[in-house]
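As they're listed, the protein sequences go chains A and B. Under my numbering, the first sequence has 149 at position 149, and the numbering climbs by one with no breaks. Each position in the second sequence, counted from 1, maps to that position plus 1000 in my numbering. Encoded as structure tokens, the structure appears first; notes follow it.
Protein chains: 2
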Amino acid sequence: MSVTATDAAALCRVLDGEHHEVKERIRAILAERFAPVSDLTRDEYREQVMGWMRMLVETGETKTMFPREYGGGGDVGGGIAAFELLGHADLSLLVKCGVQFGLFGGAVQHLGNEQHRRELLPQVMDLELIGCFAMTETGHGSNVQALGTVARYEDGELVVDTPDDDARKDYIGNAARDGRLAVVFAQLEVGGEEHGVHALLVPLRDEQGRVLDGVEIEDCGEKLGLEGVDNGRIRFEGVRVPRTALLDRYAKIDEQGDYQSPIENKNRRFFTTIGTLIQGRVSVGGAAISATKSALTIAIRYALRRRQFGPPDEPELPLLDYRVHQRRLLPALATTYALHFAQRELVGELHRSLTADEHPEREQRQLEALAAGVKATATWHATATIQTCREACGGAGYLAENRFKALKADTDVFTTFEGDNTVLLQLVGKELLTDYKQRFGDLSGLEMVRFVGEQAYETVVERTLARQVATRIADALPGGDGADDEGDLDDPELQRELFCWREEHMLSGLARRLRSGLDDGREQFEVFNECQDHLLAAAQAHVDRQVLDAFASGIDACDEGPLRDLLDRLCRLHALATIERERGWYFEHGRMTGPRSKAVTRAVNRLCAELRDDAELLVDAFGIPDAALAAPIAL
Amino acid sequence: MSVTATDAAALCRVLDGEHHEVKERIRAILAERFAPVSDLTRDEYREQVMGWMRMLVETGETKTMFPREYGGGGDVGGGIAAFELLGHADLSLLVKCGVQFGLFGGAVQHLGNEQHRRELLPQVMDLELIGCFAMTETGHGSNVQALGTVARYEDGELVVDTPDDDARKDYIGNAARDGRLAVVFAQLEVGGEEHGVHALLVPLRDEQGRVLDGVEIEDCGEKLGLEGVDNGRIRFEGVRVPRTALLDRYAKIDEQGDYQSPIENKNRRFFTTIGTLIQGRVSVGGAAISATKSALTIAIRYALRRRQFGPPDEPELPLLDYRVHQRRLLPALATTYALHFAQRELVGELHRSLTADEHPEREQRQLEALAAGVKATATWHATATIQTCREACGGAGYLAENRFKALKADTDVFTTFEGDNTVLLQLVGKELLTDYKQRFGDLSGLEMVRFVGEQAYETVVERTLARQVATRIADALPGGDGADDEGDLDDPELQRELFCWREEHMLSGLARRLRSGLDDGREQFEVFNECQDHLLAAAQAHVDRQVLDAFASGIDACDEGPLRDLLDRLCRLHALATIERERGWYFEHGRMTGPRSKAVTRAVNRLCAELRDDAELLVDAFGIPDAALAAPIAL
């Protein structure tokens, strides 16, 4: 049953959910006031991006995500959802907005005090003050706690210094050209005591744009993509700022020059500080999904028009009639839908966390893990899918006008910035282990890990019911090799059980290995490193289950009817394609058989063939304005 | 046992094999006369590439691959091997050389007559005459037989026309700026009869570079990469060229205006014509491998220097000490070595085919399939590995100076030009089926496919011995889950058997499915389309086995000693990583067990750890001159 007659606009509304209105406003802005550029020099491109930002300020949309009391729209979720759509237009614009409003503005909002907010946020929203988020250094990326920049308290002031080349701030957006004020992350020293990494405001340029004394800025030069963003390197030499420049939500220096913090544990203070900056990470995941949607829209429309080969003496066939072409594009489309719903749920959670009166620590940590997992998964999916889409368009895909040049180059860094994906998945994995610990009491350090090992094992053993359901997969075996025995594979309950079982089994196995390594008396670091691949796989299994659940929840909220049926089918394709990808693991753990595995492949093929005629509707529903999509082969 | 003390130069010599001398000459040229460029306008870059080409002409190296009787060096293999090294320097230079010497010069050499060669080849080698290879059209890429351009014989001349937009020649290198003469592929019509696609010489510009009457040329504009190559679109309107412009090795028009060909079958004539152009495809595979080597050299050197995280209170550790980082880079390095040897063997075969007095049809077809398979595998491996290497270098990898920008963008089109990889693997698959047919007699068409089905099935059934060896894998089962039971997995014989078994089983299964589909009376095209994913998988399994064999042969030719031991270990890593990747399939077909599969993963981990200290030597042995590598993070 095909639903091609149904309006793509209705499906677009389902996808947008509660943010439909703000998204429609942004689509209208893109349709009327945007056109992609090409072949500009770097300077021209940077100027163009600033021009677009000023245009967005004029529309008032840049205020949406900020609190009402400072002149904002009071809708964080809406602001982030709207921001994602810029990913269809120009990713330099998106990233520069992200630096200005999300990172710089976000740091002021979440790490500063009332005075910082009242003074700065209105200027941030209006672009009167352009800022930087100066965290990363040349020698210190993922390991933020090891930053080298120093802020030393002396005589009522903070003195900022870059001690060596490794401590040079690097890749900083807005630094090379436009930034006047930076949020600088530095090792805070007060009265000879080191307090770890803190954020403070350091001016970079005066109102005329001249670089200030003691500050040295270098342009990062040509990059792989995002050439419209002015990334730069910054060094500080004895730059003095007032004591009040410290963004002091979690730690103050009082008038007597004494350091005070409501969070005693240095480590915990650090992670609390960093945790408030989650917004940037969430936005990158959303941007990656938008770029993926653009790529799929172009490749699927092209695949429906471009003909090549075919039966003898007949017209050539559209590419999407070929099985391999379907397999390259349609499971990727299904997973993009799944990630869309996961991202929407994440934005909702973030909105609730930022607007709630209080947000318990465990929920905050789980939100951070969800953000990390979705970001890593969505950005790797973007890199792989955009590449597949480019190839699916052949030579036409290699022409810049068809957009893959920008889509590939500009999204490439997403996998490693705002948290390297590998490090983010480790964070997810460690949160999974910590969560076990939290459930069973506050054991610390090495003891925790041992305990986790036992608990995880027992927890899994106890989940007999879930296991029994999962065991159906192995038990309900069909007859012969190649027979038509897809049976209950189409059952979403069974698919979910397979996801859950993989998640739980991987985690318990991991915990067991860690415990056994530590029991042997080996160094904790060495034991963890030996299990690093296992840790990442467990984290991925966890995220996969979360993403599937988000897709299912999204469908549950949808009215009965052909659109819901279509989404159901798409969700089954996503689930089965994931199971097919992981079938080696299921076999390894006795939850897959040869005939069953072949049936999974057949089911994926069948679902692809069934969805072929809905493919155009499914990409139309992304609602990408023609002006933003712009690719001649897809209009 | 580490061999870090051994000289990388010795290993480089092993890799270069018989082409060491010519490769060393090119390395010296790159070291002394080359430096990568960045931040040029498109026009400046194109001019720079022409400058480099003139520099290469000065050195005399552009003559190497052409026959001695026309002033060449008479060494096709050496010429192609040397050409590959340009892939370390600048891929626009490599591709523009490929168009000029490989495609344009190659077409003149292999499709023209003595007069064409004597007149044109000296000018081609000296860049006095710059040419185009005008095959692809806007609407016709992979399906060359469906080209729309027409060459009609009229009154002793050939009249060339572009009937519609789809028939416009597109993406043609050297067309937008430099090309004066084009080899144009067109549908030949003589006396009202259509003879299919033929190649003829059509002038595009006069000596002053003015476009000639009846020719219309458009610049393709901004591309994803290879911006130093002037790709363009060409239309012809009533362009008249003499009868002798036909490249007439396989078909002539005589003075009376009669069409004559030594190959009667139109289809066979077409494929014979196209088959002679294999050189371009071979060169692309080589270029992809060179680019992969550059990326791995940069990422591995960086991973040995860049430190991040580590045990508490100790210095941070180099990235390559982490298991996941090893797993990302070292199996890819092993596979790059495997592909290096496969490419070397392919170049050797090509050299023999072009210098032999005769080359039997079956051998020619097998050479074409090998070229297609290695090209597809090497270019996909390049795309994936360069991406992984970029990510492994984090933010530093995103800076253009560290080369990934160019490596990614310029190699991207390799997967779809000179034969789309998906189409090429189909060609390999069809050759596998045809080969069965050839072995058992000349049955044609549908009957052939049915016969193939039976034969393939029986062939496999008969190979009991091979199966028995392979069955060891399943039978020799170790004890419990997680036990240290890698056993004979390290045995290259056993690894090879697994590759062979997959190859044969996939092919026989494919033949069986095709036969059964046709037995049901369904359309041949539909049946093939339903098995398309299976066909590609069978082709990949075949290529994988060929690549493994080439690696093993390369090692066999190496003297006993630590270098050979090192290559042995690398070959085992390549083999086991491939088996690990395909473990789902082995499970499906009863040739893998849970404990065995886990042992494969452990063996891959162990080999990675063992090879960690040899990684620098292994990339140094690629012998990439610093001037060409150029990435500051890797020098």
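Glycine included, C-beta positions come from ideal geometry on N, C-alpha and C. These numbers were taken from a predicted model, which means no experiment stands behind them.
Whether residue i touches residue j by CB criterion (8 Å)
{"i": "B/HIS1505", "j": "B/SER1290", "result": "no"}
{"i": "A/GLY675", "j": "A/VAL22", "result": "Coverage of chain A is limited to positions 1 through 635, which leaves residue 675 of chain A absent and any answer about it impossible."}
{"i": "A/LEU570", "j": "A/LEU11", "result": "no"}
{"i": "B/LEU1548", "j": "B/ALA1575", "result": "yes"}
{"i": "B/GLY1232", "j": "B/ASP1219", "result": "yes"}
{"i": "A/TYR250", "j": "A/GLY191", "result": "no"}
{"i": "A/ALA199", "j": "A/THR273", "result": "yes"}
{"i": "B/ARG1502", "j": "B/ALA1539", "result": "no"}
{"i": "A/SER353", "j": "A/ILE80", "result": "no"}
{"i": "A/ASP90", "j": "A/ALA176", "result": "no"}
{"i": "A/GLU61", "j": "A/ALA287", "result": "no"}
{"i": "B/PHE1533", "j": "A/VAL324", "result": "The identity of residue 1533 of chain B in the sequence shown is Asp, whereas the question assumes Phe. Their beta carbons are under 8 Å apart, which means B/ASP1533 touches A/VAL324 by this criterion."}
{"i": "B/LEU1317", "j": "B/GLN1326", "result": "no"}
{"i": "A/VAL150", "j": "A/ALA186", "result": "yes"}
{"i": "B/THR1385", "j": "B/LEU1304", "result": "no"}
{"i": "B/ASP1490", "j": "B/ARG1572", "result": "yes"}
{"i": "B/GLY1221", "j": "B/VAL1095", "result": "no"}
Per DSSP, the bridge partner or partners of residue i
{"i": "B/HIS1325", "result": "Looking at the DSSP assignment, B/HIS1325 forms no beta bridge with any residue, so it has no partner."}
{"i": "A/LEU246", "result": "A/LEU200"}
{"i": "B/GLU1157", "result": "B/GLU1154 and B/PRO1242"}
{"i": "B/ALA1260", "result": "Note on residue identity: the sequence assigns Gln, not Ala, to residue 1260 of chain B. B/LYS1252."}
{"i": "B/GLN1187", "result": "B/VAL1150 and B/VAL1197"}
{"i": "B/ALA1182", "result": "B/CYS1132 and B/VAL1202"}
{"i": "A/VAL211", "result": "A/ARG205"}
{"i": "B/GLY1232", "result": "B/ILE1172 and B/ASP1219"}
{"i": "B/ARG1716", "result": "With chain B represented from 1001 up to 1635, any question about residue 1716 of chain B goes unanswered, as that position is not in the structure."}
{"i": "A/GLU137", "result": "A/HIS140 and A/LYS169"}
{"i": "B/LEU1399", "result": "A/LYS223"}
Option nearest residue i by Cα separation, candidates the options
{"i": "B/PHE1270", "options": "B/ARG1591, B/LEU1129 and B/HIS1195", "result": "B/HIS1195"}
{"i": "B/THR1335", "options": "B/TYR1070, B/ASP1544 and B/ARG1243", "result": "B/ASP1544"}
{"i": "A/PRO632", "options": "A/MET592, A/PRO36, A/ALA8 and A/ARG25", "result": "A/PRO36"}
{"i": "A/GLU368", "options": "A/ILE278, A/LEU319 and A/GLU493", "result": "A/ILE278"}
{"i": "B/GLY1310", "options": "A/GLN145, A/TYR302, A/ALA630 and A/LEU498", "result": "A/GLN145"}
{"i": "A/LYS223", "options": "B/LEU1129, B/TYR1586 and B/SER1038", "result": "B/SER1038"}
{"i": "A/ILE263", "options": "A/ASP490, A/GLN256 and A/ASP248", "result": "A/ASP248"}
{"i": "B/GLY1106", "options": "B/VAL1124, B/ILE1386 and B/ALA1603", "result": "B/VAL1124"}
{"i": "A/HIS381", "options": "A/ARG328, A/VAL428, A/GLU358 and A/HIS359", "result": "A/ARG328"}
{"i": "B/VAL1108", "options": "B/THR1244, B/LEU1040 and B/ALA1621", "result": "B/THR1244"}
{"i": "B/LEU1611", "options": "B/ARG1281, B/HIS1589 and B/LEU1566", "result": "B/LEU1566"}
{"i": "A/ALA630", "options": "A/LEU147, A/VAL215, A/GLY285 and A/PHE404", "result": "A/PHE404"}
{"i": "A/GLU616", "options": "A/ARG68, A/PHE587, A/GLY102 and A/ALA634", "result": "A/ALA634"}
Whole-number beta carbon distance between residue j and residue i, since they are thought to touch under 8 Å
{"i": "B/CYS996", "j": "B/LEU1339", "result": "There is no way to answer for residue 996 of chain B, as the model of chain B reaches only from 1001 to 1635."}
{"i": "B/PHE1417", "j": "B/ALA1550", "result": "Not really, about 24 Å apart at Cβ, beyond 8 Å."}
{"i": "A/LEU399", "j": "A/SER294", "result": "So it is not a contact: roughly 15 Å between Cβ atoms."}
{"i": "A/ASP170", "j": "A/GLU137", "result": "6 Å"}
{"i": "B/ARG1583", "j": "B/VAL1600", "result": "7 Å"}
*Using a beta-carbon distance cut-off of less than 9 Å, what residues from the segment 1309 to 1341 of chain B approach chain A?*
Flagged, chain order: PHE1309, GLY1310, PRO1311, PRO1312, GLU1314, GLU1316, LEU1317, ASP1321, TYR1322, ARG1323, VAL1324, HIS1325, ARG1327 and ARG1328.
*asked:* Short of 8 Å Cβ to Cβ, which residues in the segment 1366 to 1392 of chain B face chain A?
replied: Result list: THR1383, GLN1387, ARG1390 and GLU1391.
*Along the segment 1511 to 1536 of chain B, what residues have a CB closer than 7 Å to any CB found in chain A?*
Answer set for the segment 1511 to 1536 of chain B: GLU1523, PHE1525, ASN1529, GLU1530, GLN1532, ASP1533 and LEU1536.
*Of all the residues that make up the segment 1409 to 1441 of chain B, which are near chain A by a beta-carbon distance shorter than 8 Å?*
Per Cβ criterion, the list reads ALA1409, ASP1412, VAL1413, THR1415, THR1416, PHE1417, ASP1420, ASN1421 and THR1422.
*Using a Cβ-Cβ cut-off of less than 7 Å, give me the residues of the segment 1217 to 1237 of chain B that come near chain A, in sequence order.*
Answer set for the segment 1217 to 1237 of chain B: CYS1220, GLY1221, GLU1222, LYS1223 and LEU1224.
*Just by C-beta distance, which residues in the segment 140 to 152 of chain A are closer than 9 Å to chain B?*
Along the segment 140 to 152 of chain A, the positions whose C-beta sits under 9 Å from a C-beta of chain B are HIS140, GLY141, SER142, ASN143 and ALA146, read in chain order.
*Pull out every residue of the segment 1393 to 1406 of chain B whose Cβ sits closer than 7 Å to any Cβ of chain A, in chain order.*
Only GLY1394, GLY1395, TYR1398, LEU1399, ALA1400, GLU1401, PHE1404 and LYS1405 from the segment 1393 to 1406 of chain B bring a Cβ to less than 7 Å from some Cβ of chain A.
*Got a sec: which bits of the segment 583 to 595 of chain A sit with their beta carbon under 8 Å from any beta carbon on chain B, in order along the chain?*
Hits within the stretch, in order: ARG583, GLY584, PHE587, GLU588, HIS589, GLY590, MET592 and GLY594.
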